[in-house]
Every structure is written in C-alpha cells, then in structure tokens.
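Here is the structure we will look at.
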Amino acid sequence: MRDMQCPRCHSSQTFKNGRRKDRQCYKCKQCGRQFLESYQPWCYSNDVKELCLKMHLNGMSLREIERVTDIHHTTILHWLRKAKL
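Positions in the sequence shown are counted from 1; adding 52 to them yields the numbering used here.
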C-alpha cells in the first residue's frame, strides 16, 4: 500500500476515511484535511492569468475573454478582483 501525503501540510500521517464515487478518501492526522486519492490541485499558470488581465485592460469584456480562452468569466472576474483592477 502506498502512503498518501496530505496536499495541505504534506504529512504522510494519513488514514483511509471512506470512499466517494469509487475513489478512496483520506484524512490527515496533522491538519484534519480530507482529500481524495487522486487529488490534483487545479490552477492556471500565471502567464494565462496575466494574458486574461491584459485582454481586459485592452477593453475586452469578460464574456469575450471567456470565448477566446475557454476560461469561465467568473474565474477571470475573481482574478481581476484579486489584482484589484
């Protein structure tokens, strides 16, 4: 059996904690985080974020950027708010 590492604190002190949709769930003894066996954080690169912000600063609407990049307009709005634009 492979030791699962917590995605938050990187501790290997984890234990099985049920199943969800045929995927094993785990819980970290250190921080209490619950996660799935195949956990992979989903994020866009900084280059993609920067490109979207530049498109918006050049006058493109959020929906236009969404059509070009296939990134949901609310995600782009979140980036704009985080960048305080």
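The beta carbon of each residue, even a glycine, is placed where N, CA and C say it ideally should be.
On a predicted model such as this, the values are computed, not experimentally measured, just so you know.
Close beta carbons around residue i, own chain, < 8 Å, minus the five adjacent residues each side
i, result
"glutamine 57", "Ser63, Ser64 and Thr66"
"arginine 133", "none"
Nearest-angstrom Cα separation, counted from residue j out to residue i
i, j, result
"methionine 107", "arginine 119", "12 Å"
"glutamate 116", "leucine 105", "12 Å"
"arginine 71", "cysteine 77", "5 Å"
Assigned secondary structure, residue i (DSSP; H/G/I helix, E/B strand, else coil)
i, result
"lysine 68", "strand"
"asparagine 98", "helix"
"cysteine 83", "coil"
"lysine 134", "helix"
"methionine 56", "coil"
Beta bridge counterpart(s) of residue i as assigned by DSSP
i, result
"cysteine 77", "Leu88"
Cut-off 7 Å between Cβ atoms - residues of its own chain near residue i, not counting five sequence neighbours on either side
i, result
"threonine 126", "none"
Interface flag, residue i vs chain C, CB-CB below 8 Å
i, result
"arginine 71", "No chain C is part of this structure, which consists of one protein chain only."
Cβ-based neighbour list, residue i, same chain, cut-off 6 Å, excluding 5 preceding and 5 following
i, result
"lysine 81", "Gln65"
"cysteine 61", "Gln82 and Cys83"
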